[in-house]
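Going down the list, the protein sequences come from chains A and B. Under the working numbering, the first residue of the first sequence is numbered 1, with each subsequent residue one higher. Under the working numbering, the first residue of the second sequence is numbered 98, with each subsequent residue one higher.
Number of protein chains: 2
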Amino acid sequence: MAEKKEESNQAENVIYVGKKPLMSYVLAVITQFGAGQKEVHVKARGRAISKAVDVAEIVRRRFINEVSIKEVKIDTEEREVEGKKTYVSTIDITLTK
Amino acid sequence: MAEKKEESNQAENVIYVGKKPLMSYVLAVITQFGAGQKEVHVKARGRAISKAVDVAEIVRRRFINEVSIKEVKIDTEEREVEGKKTYVSTIDITLTK
């Protein structure tokens, strides 16, 4: 665990889904469960939300059968870009083993 | 209510989000709540999932403050296309007033 912490200062059990290929996030989630995490959050914003759902579903159905979806939360994030407020939807999928 | 039933044989309180502009689904949800529904489901598959989250969030935050998210369910739909199994992720967002 200690050497993993050095790689990143983000929480280990949070996977942020973005523009990388789907399977790299699937692998990241599997790795967290393999390292002993009991709960992994799959988070995304905007257009990546669909991909986050794919990641959670693929982990659960194709790779780790004992993983289930504990909770799905959606929300809106407010940002200010050049003095103008913009809004982006977010998702937080809690997977539990 | 009776004349509305004739327009469609789908459940009235289920809005399927697809390729139309975002605001047409927002309007459809608002219309259902305006017609007296206490609960509206916003459903989508695949790439439209992000848009479904946007629809729910816009209704809740911008239009009807007393609407809240009761539940978000994600799942996988199995289909057979030309003898080959394909999988698509789905979302079902329950909005309640």
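Quick reminder that beta carbons are idealized off the backbone N, C-alpha and C, glycines included.
Hey, is residue i close to the ligand SAM, as in C-beta under 6 Å from one of its heavy atoms?
i	result
VAL26/A	As presented, the structure is devoid of all ligands, the ligand SAM included, so that no description of it is given.
Run the CB neighbour count on residue i, radius 10 Å, all protein chains shown included, and call it buried at 16 or more, exposed below.
i	result
ARG176/B	exposed
SER89/A	buried
LYS182/B	exposed
ARG159/B	exposed
LEU192/B	buried
VAL81/A	exposed
GLU7/A	With a pLDDT of 46 at GLU7/A, under the threshold of 50, the modelled position of this residue cannot be trusted, and the question is left open.
GLU57/A	buried
ILE188/B	buried
SER147/B	buried
ALA44/A	buried
ALA132/B	exposed
ALA145/B	buried
In the DSSP output, which residue or residues are listed as bridge partners for residue i?
i	result
GLU12/A	Bridge partners of GLU12/A: none, in fact.
VAL26/A	In DSSP, VAL26/A forms no bridge with anything.
ILE91/A	ALA44/A and ILE74/A
GLU177/B	LYS182/B
THR193/B	GLU136/B and SER165/B
For the beta strand (DSSP E) holding residue i, just list the boundary residues, first then last.
i	result
ILE161/B	Careful: ILE161/B lies outside any beta strand (DSSP E) and carries neither H nor E.
ALA44/A	39–45
With residue i and residue j assumed to form a contact (beta carbons below 8 Å), what rounded beta-carbon distance in angstroms separates them?
i	j	result
VAL72/A	LYS170/B	7 Å
ALA52/A	VAL29/A	In fact, because the Cβ distance is near 10 Å, the residues do not count as touching under 8 Å.
VAL139/B	VAL152/B	5 Å
ILE64/A	LYS97/A	7 Å
VAL123/B	VAL156/B	6 Å
- Task: Could you name the residues of the stretch 153–169 of chain B whose beta carbon sits closer than 7 Å to any beta carbon of chain A, in the order they occur along the chain?
- Result: ALA153, GLU154, ARG158, ILE166 and VAL169
* To do: Determine which residues of the stretch 31–60 of chain A have a Cβ less than 8 Å from any Cβ of chain B, and write them out in chain order.
  => Of all residues in the stretch 31–60 of chain A, the ones placed with a Cβ closer than 8 Å to any Cβ belonging to chain B are GLY46, ARG47, ALA48, ILE49, SER50, VAL53, ASP54, ALA56 and GLU57, in chain order.
Problem set entry | Residues within the stretch 81–92 of chain A neighbouring chain B, beta-carbon criterion of under 7 Å | SER89 and ILE91
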